[in-house]
Every structure is written in structure tokens, then in C-alpha cells.
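First residue of the sequence shown? That's 1 in the numbering used here, and the numbers climb one at a time after it.
For glycine and all other residues, C-beta sits at the position ideal for the given N, C-alpha and C.
Source: prediction; values computed, not measured.
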Amino acid sequence: MTGGTLSRRDMLRGSAASGAGLLWPGVAHSEGGAAGLGDIAAKAGILFGSTMDKANEADPAYAKLFDRHTKLIVTENATKFSFLQPHQGVYDFSVVDGVLDYAKAHGKKAHAAALIWNDDAPNWLKGRPGREIERIFDAHIERVVSRYAGRFISWEAVNEPFFPVQGKPGGYRDGPWFAAMGPSYIPRALRRVASIDKSARLVVNEAFCESNHEWGRANRPLFKGLADRLLDDGVPLHAVGFQSHLISSWSYDDHAFQAYVAEFGARGLDVYLSELDVNDEVLPEDNAVRDKMVARRYQDYLTAVLAVPAVKRVVTWGLADRYSWWRYMTWEKSTNAARLARPLPFDDDMKRKPAYDAMARAFEARRA
Ligand code: XIL
């Protein structure tokens, strides 16, 4: 993600580390009486939410942020294959169940992220013949989607279909599903989910497109081509997701991206900004200065993209810096352990940051 310094494997290792070691201290901070981002967004026709990774009562202050600010809860990791089926035939539904219970008890909608993702497949799949991989793929979708049918309003059936630097034909992202089935794993996943959960909206999600970085420029036409083919072939697809991890060292042309996003709307698809945050790794040390620059990135990006009527959801990848994935993705290689990532709208004490105001302003601007 950070221009190649961090491999996808590193990211997945990060997930294991986070699962085992993430602390959820019970500090009871309050973020005061700020208007809920979810309410502000709703007035602009946007469903706003964020990711939850475990039953949130472990940190009551963080849970309060979700209560007040979200309308949609997204599973950060729990619906990924390697989390659901860490060993063959051994399923762990506990975290997903907990997140759905939280959502239900608090009147929130829920969305399942990354059901099929070539970058998240457990080691036990390695070396199996293609036929067996296909069988495992089908059975996993069957088991998971039938368990939760009707409880998620939408499934991100496929995450990150493309990653051309890997050199695979068509620019597709490599991994066990692609190796066994080629690109056909994508319509196969969508059709299978649709046949089990008839009411959920189905999403394909992609990385990097927001940026003018070479990875973004390469992914854009590939991803649009895929969406067009799926629709032309009558494959059930209702929305596309753009991750929107905005990396500060990359360049952006938000208006060019706005025009690109509008093309999906023109084909009748909804558009979700699905993993929004701002990676501040290269921004100045000073927190106040950094927070302002992060806020500016949120505001410029959202103001441009929310002008497209097809954009229906905004999801931040966490709400408070303390629990951002960038914290554990960057600290290991950091030369300055005191410099912690500040990518989200709330700080470590669950207090609003300038990014909160920037988001609120962007939602309000869409309403106007
Ligand atoms: C990340 C999680 O936030 C981490 O906890 C985990 O270690 C790795 O995955 N793009 C995606 C998400 O589609 O699934 C990733 O989530 C972040 C990048």
C-alpha cells in the first residue's frame, strides 16, 4: 500500500498480530456532544459507517463513538476467509456473530467485507489441486452466506480483483482462487452469493483507483472493464466499492476520479467509498499541522466524489486513531516510535479531530 515498501504479506501478518495483541483498554473518555456523522451524512443521502473487529463492549469509549456516529457496521476482518475458516472445515463465526449482535442491539445495518479476496487465503489451501480449490470455494460461500443470509444488507463478494504489477494475464490479482479458476472466480462468487441471499446488495471492491499513483492508473480501466462485462453478462452486481485509503505520498486528481466514478453511476451501479482513511506517514511531525493536512485531504476528496449522485455510502476504516490498522502496519518499520499514525476522524481519546469537521462539511456541501 505504501508505494511498495509494505508487502501484502506484511499486511496479513499485521492482522494476525492485531488479533492476538490489540489492547482494548477500558478508558472512559467522551467525545462530547458532537453531532453524529451518520446523521449528517443521512441528510445528504449517504449511509455512513465504520469497521468493527470484535464485540466493542471491551472499550466502552470506542463503542460510544459507534453508537453516536455510525449507521452501518462493517466487519474489518471477521468475514475474510482466513478468519472464518482458519483450518480446513473448522469455522470460527464468533467475531461475526458478535458484530452482528452489536449491530442489531444498536439499530445499525451491517455489511460484510472481503468474502473472497485472493490476498487473504489461509496456508492450508496451498498446493491443493484446482478442482479441490473450487469445491472449497463453493462450500465456504454456501456455509457462510446461508448462515448470515438476511442479516447483512450487502456482501462484498470479491475484494481487489486486480493488481497488475504481479504480471498475471488481464492484470488480475494472483492468489488461490485466481490460480484455480482464472477470472471466472468473480462471477462465480457473485452468482453463488446471490443464489443464497436473495435480498442483499452485492459489491466488488477495488484498491488504489482513487490515486494517480501508477497502481491507481493501472487499476482504473481494468476495474471499469470488469464491471461492464459483469453487467453485460447479467451477473448480479449492485455496487462497486473504492477503498479510499488515501496515501499522502501519492498524487491525486480528485476531479478526474469524480468523472471516473460517475461512469459507474451511468451504468446503474451504486458506488461506495468503502475503506476511507488518510495515511499520514509522510506528513509533518507536529500533530496539529498533520491533523489539518489530513482533514484537508478528507475534505477535498469527499467534496469532489460526493458530487456524484451514485455515491451512496461512506465507510471509514475505523473511527479512532488508536484502532487504525495503520498503527500496526507502520510502527514496526518506524524509526520514531512516538510518531503514531493519525488517519481517522477521532483521536486516541475519542475526541473529534479536524478530519471530523472536514467530513461533516463535505456531507453538508452535498446537501446544499
Ligand atoms: C486490513 C485490516 O484492517 C487489518 O486488520 C489486516 O491486518 C489486514 O487487512 N484493504 C482491504 C482491507 O481490503 O481488507 C484491509 O484490511 C486493508 C486494505
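Apart from sequence neighbours up to five positions away, the residues of its chain that approach R267 with a beta-carbon distance below 8 Å are A227, D228, L231, ordered along the chain. Here DSSP, grouped into helix, strand and coil, assigns V282 to coil. Taking a cut-off of 8 Å for Cβ pairs, the region 253 to 271 and the region 281 to 292 do not touch, as fewer than three such pairs fall below it. Rounded to whole angstroms, the separation of the alpha carbons of N219 and F162 is 6 Å. In this structure, the CA atom of E214 is about 25 Å from the CA atom of P176.
Assigned with DSSP and collapsed to three states, G36 falls in coil, not helix or strand.
Of G107, R143, V90, F81, the smallest CA-CA separation from P122 is found for F81.
Shortest gap from the CB of N159 to any heavy atom of the ligand XIL: under 7 Å. In terms of Cα proximity to R367, the closest of F264, P86, V311 is V311.
Judged by the Cβ position, H111 fails to qualify as a neighbour of the ligand XIL at the 7 Å threshold, every heavy atom of the ligand being at least this far. Separation of D97 and P345 (C-alpha to C-alpha, rounded to the nearest whole angstrom) is 27 Å. With fewer than 16 other Cβ atoms from the protein chains shown falling within 10 Å of its own Cβ, E364 counts as exposed. In the DSSP annotation of this structure, the continuous segment of the alpha helix (DSSP H) that includes K224 starts and ends at 214 to 232. Look at H245: its beta carbon is less than 7 Å from one of the heavy atoms in the ligand XIL.
Taking C-alpha positions only, I73 is separated from N159 by approximately 18 Å.
Secondary structure note for I133: its alpha helix (DSSP H) is the uninterrupted segment 130 to 148. Contact between the region 346 to 360 and the region 34 to 46 is present: 3 or more CB-CB pairs across the two stretches fall below 8 Å. K109 is bridged by DSSP to L72. Taking a C-beta distance under 8 Å as the contact criterion, L202 and S244 do not qualify as a contact pair.
The nearest non-hydrogen atom of the ligand XIL is less than 7 Å from the C-beta of E275. Between V235 and G265, the gap from beta carbon to beta carbon reaches 8 Å or more.
Under the DSSP definition of a beta bridge, Y172 partners with F162. Under the three-pair Cβ rule at 8 Å, the region 135 to 149 does not count as touching the region 57 to 64.
Secondary structure at W250: coil, using DSSP grouped into helix, strand and coil.
Note: M52 is bridge-paired with T75 in the DSSP secondary-structure output. Here D270 carries a strand assignment [DSSP, helix/strand/coil]. If you check the C-beta of A207 against the ligand XIL, you find a heavy atom less than 7 Å away. Under the DSSP definition of a beta bridge, A239 partners with V203, D270. In the three-state reduction of the DSSP assignment, D197 falls in the coil class, being assigned neither a helical nor a strand state. If you look at R361, you'll find it in the alpha helix (DSSP H) that goes 354 to 367.
Boundaries of the alpha helix (DSSP H) around R296: 287 to 305. Note that the C-beta distance between A320 and D286 is not below 8 Å. Following the DSSP letters along the chain, one finds K351 in no beta strand (DSSP E), marked with neither H nor E.
With a threshold of 7 Å, the Cβ atom of W325 counts as near the ligand XIL, since some heavy atom of the ligand is closer than that.
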